[in-house]
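Participant:
Numbering (our numbering), first residue to last: 207 to 449.
Below you can see the structure in the form of structure tokens.
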């Protein structure tokens with residue numbers, strides 16, 4: 207791929223601000239990813255953000271900013287719930303190949319896109335699964351199998367915790383990417399988080415490199431097993447968040 211086609215140095219500068227020195231192969235993978243994203247976005251809804259610079263900062267760098275809240279350099283398992291077009295899971299895999307990643311999404315067409323990207327970028331130890339978060343959180347499937355669960359999904363913290371904490375091992379973490387201050391939301395969600403086996407651990411507030419975009423990574427630690435009745439049946443965590 208012709209790296210001069212885009213200002214990939216923006217990507218280099220932004221990652222450098224996160225303490226990451228990106229390699230040529232990784233730049234090529236991001237360029238390929240961008241090309242697939244724009245191509246497939248022409249016939250299915252993957253993202254409203256399509257300009258190269260915006261995708262670099264608002265999707266690629268934003269995804270990898272997880273490293274500000276936790277050590278991503280260790281060997282660990284990670285699940286991305288409601289991954290959509292692969293954010294944050296695929297950028298995390300490109301930068302941190304030591305991560306073993308599962309991408310979960312409820313739309314089959316998006317999973318087909320994800321598998322195309324994974325294959326063409328030559329990524330290993332990363333799988334895309336078609337399904338709902340409520341369904342795969344069963345004990346005989348993926349329940350409490352992961353060191354880390356992440357989600358950029360737009361929902362309140364109580365709802366996201368019910369979908370995500372069941373996937374996390376005791377001692378592991380759920381990280382919610384937020385684009386706004388969530389002080390009030392945290393207070394509302396604390397009881398639900400405790401009920402689901404978690405505890406409020408840490409918040410990392412910052413501005414995305416090469417931008418003025420506010421970000422808040424909200425980290426919940428799993429301190430005990432999630433009761434078997436959670437998550438509740440499809441739709442309930444969204445319609446009736448735990449209080």
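For each residue, glycine too, the CB sits at the ideal point set by N, CA and C.
Would you please state the rounded distance, in angstroms, between the beta carbons of residue 378 and residue 428? I believe it to be under 8 Å.
Facilitator: That belief holds up - the Cβ atoms of residue 378 and residue 428 are roughly 5 Å apart, short of 8 Å.
Participant: Leaving out five residues before and five after residue 440 in sequence, what residues of the same chain have Cβ atoms less than 7 Å from its Cβ?
Facilitator: Setting aside the 5 residues that flank it on each side, residue 440 is surrounded in the same chain by 338, 340, each with a C-beta closer than 7 Å to its C-beta; the list follows chain order.
Participant: Less than 8 Å between the C-beta atoms of residue 342 and residue 335, yes or no?
Facilitator: yes
Participant: Under 8 Å by Cβ, that's how I've got residue 253 and residue 291 pegged, so tell me the actual separation to the nearest angstrom.
Facilitator: 5 Å
Participant: Is the distance from the Cβ of residue 444 to the Cβ of residue 365 below 8 Å?
Facilitator: yes
Participant: Give the range of the alpha helix (DSSP H) segment to which residue 321 is assigned.
Facilitator: 314-327
Participant: Using the rule of at least 16 other Cβ atoms within 10 Å of the residue's Cβ for burial, across every protein chain shown, is residue 279 buried or exposed?
Facilitator: Under this definition residue 279 is an exposed residue.
Participant: Based on the DSSP output, what are the partners of residue 261 in its beta bridges?
Facilitator: Looking at the DSSP assignment, residue 261 forms no beta bridge with any residue, so it has no partner.
Participant: State buried or exposed for residue 310, treating a residue as buried only when at least 16 other CB atoms are found within 10 Å of its CB.
Facilitator: So residue 310 ends up on the buried side.
Participant: Please report the straight-line C-alpha distance between residue 434 and residue 372, rounded to a whole angstrom.
Facilitator: 9 Å
Participant: Could you check what DSSP says for residue 247 in three-state terms: helix, strand or coil?
Facilitator: helix
Participant: Please report the straight-line C-alpha distance between residue 244 and residue 238, rounded to a whole angstrom.
Facilitator: 10 Å
Participant: Could you tell me the boundaries of the beta strand (DSSP E) in which residue 282 lies?
Facilitator: Per DSSP, residue 282 belongs to the beta strand (DSSP E) from 282-287.
Participant: Per the contact definition of three or more C-beta pairs closer than 8 Å, is the segment 405-421 in contact with the segment 262-280?
Facilitator: yes
Participant: Entirely within the segment 345-390 and at least 4 residues each: give me those alpha helix (DSSP H) ranges in chain order.
Facilitator: 363-370
Participant: Determine the direct distance from the alpha carbon of residue 431 to that of residue 248, and round the result to whole angstroms.
Facilitator: Cα to Cα, the separation comes out at about 43 Å.
Participant: Assuming residue 286 contacts residue 300 (C-beta within less than 8 Å), just tell me the rounded distance between them.
Facilitator: Rounded, the Cβ-Cβ distance is 13 Å, inconsistent with contact.
Participant: Shortest alpha-carbon distance to residue 383 belongs to which of 397, 376, 409?
Facilitator: 409
Participant: Note down the Cα distance separating residue 202 from residue 273, rounded to an integer number of angstroms.
Facilitator: Nothing about residue 202 can be reported from this structure: the residues present for the chain run from 207 to 449 only.
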